[in-house]
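Residue numbers (the working numbering), protein chains in the order written: chain A, 1 to 164; chain B, 165 to 434. For glycine and all other residues, C-beta sits at the position ideal for the given N, C-alpha and C.
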């Protein structure tokens, strides 16, 4: 990868909400692990149980996180829109995807080589801390979102004031 | 405050337990209303409940109300035959402050049947499109079969006048749209948070988290408005059934600026 390539990728990373505001030195380092990718409708970014070796910053389009269930086909558990991240299982062992990630429409994304990033984070704990500070809110948001979906927000209330 | 007699002109099924009623005043006098207001609907011999008006505020000749059958009165309304009479008091309560959105980006966030009380804002906004920077409609519901007004959402999404984002909590394999909580969609659809006026209606927990998401993204808290619901009985602030702290929802609301109710929404006892 050339220096100009790294710079342009670094600019793209810096513009993504996940890494916006990071120290430019760190986005440069991240840029060394990143490449831009394009997926057509129905393409898989990754598949469940595969090695979590690349995660994606979605720049345009939607990515459906799915599970295949016997007798029920393919179920979407969450849609990852532009500005968000597809894939968190790269952070912790055993580094395997839990869900399929499928492009819905055309998707432009920046793929980050997870092994490369983990190695850089291990070598530079300050960078690792900042990267984790960016990722932890995503994991927390997904946990909160899942909890709220579990309680069935839209169920009819037992005692309603307006019946809408 | 006596009910006015209205006749049920038409009844349209929306969801398995939800219908939209089109009512016409027997005396022919129009019932003007502002987006966000509600009426007290009285079914003879059964009782009276508060229902949001979900029609076009520019059309005062028919009263449009979308109702989910969840109790004796609402179920009676849902199964009322065309031509039957109901009593109507209102319009009551505060309105969405739509004029605050003039010159700004308008974001309407609705959850579940919360699309019904916000639909008048959308009618108003589309009629006043040139006075707004943009119109964004964000809608979340439980599942694809629970999407209210699906044809209208589709229609709005195919115009250049509004952008529509729909998400469901869970879906089968036939659904090709988004899956996720409505609060996840809100930040992705905001254009310029500091220049946005947001109007939110849905289950109270959904509104609480949506308002937080909007505020976290930079929407001024005074430009976030919520429509609350409590057990309304009299509709005019006399009986106290719908008290929320210092507020009576039927009289001081149902539409409130977020800062006025933010802290009250997390008080268990209320």
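Residue i, buried or exposed, once every other Cβ within 10 Å from all chains shown has been counted against 16
{"i": "residue 38 of chain A", "result": "exposed"}
{"i": "residue 444 of chain B", "result": "An answer regarding residue 444 of chain B cannot be provided, because it is not within the stretch 165 to 434 covered by chain B."}
{"i": "residue 256 of chain B", "result": "buried"}
{"i": "residue 131 of chain B", "result": "Here chain B covers residues 165 to 434 and nothing more, so residue 131 of chain B does not appear."}
{"i": "residue 296 of chain B", "result": "buried"}
{"i": "residue 374 of chain B", "result": "buried"}
{"i": "residue 199 of chain B", "result": "buried"}
{"i": "residue 413 of chain B", "result": "buried"}
{"i": "residue 107 of chain A", "result": "buried"}
{"i": "residue 305 of chain B", "result": "buried"}
{"i": "residue 321 of chain B", "result": "exposed"}
{"i": "residue 238 of chain B", "result": "buried"}
{"i": "residue 74 of chain A", "result": "exposed"}
{"i": "residue 178 of chain B", "result": "buried"}
{"i": "residue 278 of chain B", "result": "buried"}
{"i": "residue 419 of chain B", "result": "buried"}
Reduced DSSP category for residue i - H, G, I as helix; E, B as strand; rest coil
{"i": "residue 374 of chain B", "result": "helix"}
{"i": "residue 348 of chain B", "result": "helix"}
{"i": "residue 147 of chain B", "result": "Outside the shown range of chain B, which is 165 to 434, sits residue 147 of chain B, and nothing can be said about it."}
{"i": "residue 37 of chain A", "result": "strand"}
{"i": "residue 129 of chain A", "result": "helix"}
{"i": "residue 216 of chain B", "result": "strand"}
{"i": "residue 248 of chain B", "result": "coil"}
{"i": "residue 45 of chain A", "result": "strand"}
{"i": "residue 310 of chain B", "result": "helix"}
{"i": "residue 421 of chain B", "result": "strand"}
{"i": "residue 138 of chain A", "result": "helix"}
{"i": "residue 258 of chain B", "result": "coil"}
{"i": "residue 334 of chain B", "result": "coil"}
{"i": "residue 426 of chain B", "result": "coil"}
{"i": "residue 315 of chain B", "result": "helix"}
{"i": "residue 149 of chain A", "result": "helix"}
{"i": "residue 168 of chain A", "result": "Any property of residue 168 of chain A remains undetermined from this structure, which presents chain A solely from 1 to 164."}
{"i": "residue 229 of chain B", "result": "strand"}
{"i": "residue 264 of chain B", "result": "helix"}
beta-carbon residue i near the ligand GTP non-hydrogen atom, thresh 8 Å
{"i": "residue 293 of chain B", "result": "Of ligands this structure carries none, so the ligand GTP is not represented either."}
CA-to-CA distance, residue j to residue i, given in whole angstroms
{"i": "residue 287 of chain B", "j": "residue 109 of chain A", "result": "36 Å"}
{"i": "residue 427 of chain B", "j": "residue 241 of chain B", "result": "35 Å"}
{"i": "residue 252 of chain B", "j": "residue 205 of chain B", "result": "5 Å"}
{"i": "residue 280 of chain B", "j": "residue 364 of chain B", "result": "11 Å"}
{"i": "residue 115 of chain B", "j": "residue 361 of chain B", "result": "What the structure shows of chain B is the stretch from 165 to 434, and residue 115 of chain B is not part of that stretch, so it cannot be assessed."}
{"i": "residue 23 of chain A", "j": "residue 274 of chain B", "result": "38 Å"}
{"i": "residue 173 of chain B", "j": "residue 299 of chain B", "result": "31 Å"}
{"i": "residue 268 of chain B", "j": "residue 260 of chain B", "result": "15 Å"}
{"i": "residue 29 of chain A", "j": "residue 182 of chain B", "result": "55 Å"}
{"i": "residue 342 of chain B", "j": "residue 400 of chain B", "result": "40 Å"}
{"i": "residue 309 of chain B", "j": "residue 127 of chain A", "result": "46 Å"}
{"i": "residue 62 of chain A", "j": "residue 104 of chain A", "result": "5 Å"}
{"i": "residue 219 of chain B", "j": "residue 176 of chain B", "result": "13 Å"}
{"i": "residue 191 of chain B", "j": "residue 166 of chain B", "result": "14 Å"}
{"i": "residue 134 of chain A", "j": "residue 57 of chain A", "result": "12 Å"}
{"i": "residue 33 of chain A", "j": "residue 139 of chain A", "result": "21 Å"}
{"i": "residue 348 of chain B", "j": "residue 323 of chain B", "result": "24 Å"}
{"i": "residue 101 of chain A", "j": "residue 66 of chain A", "result": "6 Å"}
{"i": "residue 370 of chain B", "j": "residue 123 of chain A", "result": "42 Å"}
{"i": "residue 356 of chain B", "j": "residue 41 of chain A", "result": "29 Å"}
{"i": "residue 250 of chain B", "j": "residue 43 of chain A", "result": "55 Å"}
{"i": "residue 431 of chain B", "j": "residue 425 of chain B", "result": "10 Å"}
{"i": "residue 258 of chain B", "j": "residue 112 of chain A", "result": "50 Å"}
{"i": "residue 69 of chain A", "j": "residue 99 of chain A", "result": "11 Å"}
{"i": "residue 46 of chain A", "j": "residue 333 of chain B", "result": "23 Å"}
{"i": "residue 301 of chain B", "j": "residue 9 of chain A", "result": "33 Å"}
{"i": "residue 246 of chain B", "j": "residue 19 of chain A", "result": "58 Å"}
{"i": "residue 25 of chain A", "j": "residue 132 of chain A", "result": "16 Å"}
{"i": "residue 36 of chain A", "j": "residue 180 of chain B", "result": "46 Å"}
{"i": "residue 97 of chain A", "j": "residue 54 of chain A", "result": "10 Å"}
{"i": "residue 188 of chain B", "j": "residue 359 of chain B", "result": "39 Å"}
One or two residues paired with residue i in a DSSP bridge
{"i": "residue 363 of chain B", "result": "B:272, B:389"}
{"i": "residue 154 of chain A", "result": "BP columns for residue 154 of chain A are empty, so no partner."}
{"i": "residue 353 of chain B", "result": "Per DSSP, none; premise fails for residue 353 of chain B."}
{"i": "residue 177 of chain B", "result": "B:183"}
{"i": "residue 206 of chain B", "result": "B:212, B:251"}
{"i": "residue 328 of chain B", "result": "B:301"}
{"i": "residue 189 of chain B", "result": "B:170"}
{"i": "residue 411 of chain B", "result": "B:408"}
{"i": "residue 383 of chain B", "result": "According to DSSP, which records beta bridges pairwise, residue 383 of chain B is partnered with nothing at all."}
{"i": "residue 343 of chain B", "result": "B:332"}
Listed by chain order, chain C residues near residue i by CB distance under 8 Å
{"i": "residue 316 of chain B", "result": "The structure shown contains no chain C; its protein chains are A and B."}
Start-end ranges of the beta strand (DSSP E) lying completely within the segment 50–90 of chain A, minimum 3 residues: 54–69, 73–80
Secondary structure, alpha helix (DSSP H): runs of 4+ residues fully inside the segment 94–128 of chain A: DSSP runs (the alpha helix (DSSP H)) wholly in the segment 94–128 of chain A: 114–123.
Every unbroken alpha helix (DSSP H) within the segment 273–297 of chain B, with a cutoff of 4 residues, ordered by chain: 279–291
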